[in-house]
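A short write-up of the structure that comes next.
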Amino acid sequence: MKEEFSNQQIFNLEIPNFEDLELIRVSGKYLKIILFNLSIFSIFLIGIASAALYFFYVDLSLLHVLMIVILTFFIIIFLFLNAIIGFKFRKYAVREKDLVYQHGWLKRSLIIVPFKRIQHIKVEQGWLSKILNLKSVSVFTAGVNGGDITINGLPEDIAEGINDHIRGSISKEKAEDGGQA
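Residue numbers (my numbering): 49 to 229.
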């Protein structure tokens with residue numbers, strides 16, 4: 049007797065199509081914060097390189113000194129170019145049932161988090177963000193790897209609007225499921 053093997057799909061995930069989704073760029077003011085942070089890091093990096101040259105100058109040849117200076121310079125240039133080019137790919141979208149976030153230019157990531165999977169949401173504002181009227185929205189999921197999203201550089205009203213929309217959607221879904229809102 050010959051058994052015929054079958055492996056039918058038992059459920060169909062209803063995942064909305066995101067291919068034709070129009071993503072919104074984060075505020076251009078956020079690039080100022082990124083560049084400010086990189087400037088502070090660059091000063092720190094130059095300080096370390098200068099200290100290394102000062103303390104070990106006697107033991108270093110001219111070639112070693114040039115290599116340290118050039119390497120430090122190229123690291124700083126790469127970090128700034130990476131930030132500027134990568135900033136163009138920081139985009140988000142809020143839909144009826146999920147939040148979409150895209151980032152990265154060397155390694156592009158697109159994360160879609162359904163509101164049903166969100167455990168909690170947090171809106172933050174650092175001191176420099178406060179000056180520029182920006183906020184960050186972070187959503188946390190029950191998943192272990194890659195489900196959490198932090199969207200930095202949102203105008204204050206949009207960040208609060210996203211927060212209210214997600215909280216409202218979660219409350220509405222819980223009420224529809226018979227749970228507590």
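Glycine included, C-beta positions come from ideal geometry on N, C-alpha and C.
Note that this is a predicted model, so its numbers are computed, not measured.
Cα atoms of Asp196 and Pro162: separation of roughly 11 Å, rounded to the nearest angstrom. Between Ser90 and Ile116, the gap from beta carbon to beta carbon reaches 8 Å or more. In the three-state reduction of the DSSP assignment, Ala141 falls in the strand class. Phe135 sits close to Leu79, with the two beta carbons spaced by under 8 Å. Nearest neighbour of Glu221 by Cα position, chosen from Asp146, Thr198, Ala190, turns out to be Asp146. Beta-bridge partners of Lys170 (DSSP): Ser186.
Contiguous beta strand (DSSP E) elements confined to the segment 74–157 occur at 139–142, 146–151, taking only those with 3 or more residues. Using a Cβ distance threshold of 8 Å, Leu71 and Gln150 count as a contacting pair. Per DSSP, reduced to three states, the secondary structure at Leu202 is strand. For Phe104 and His112, the gap between their C-alpha atoms comes out near 10 Å. The continuous stretches of alpha helix (DSSP H) do not include Lys164, and DSSP gives it neither H nor E. Between Leu69 and Val171, the C-beta spacing is not below 8 Å.
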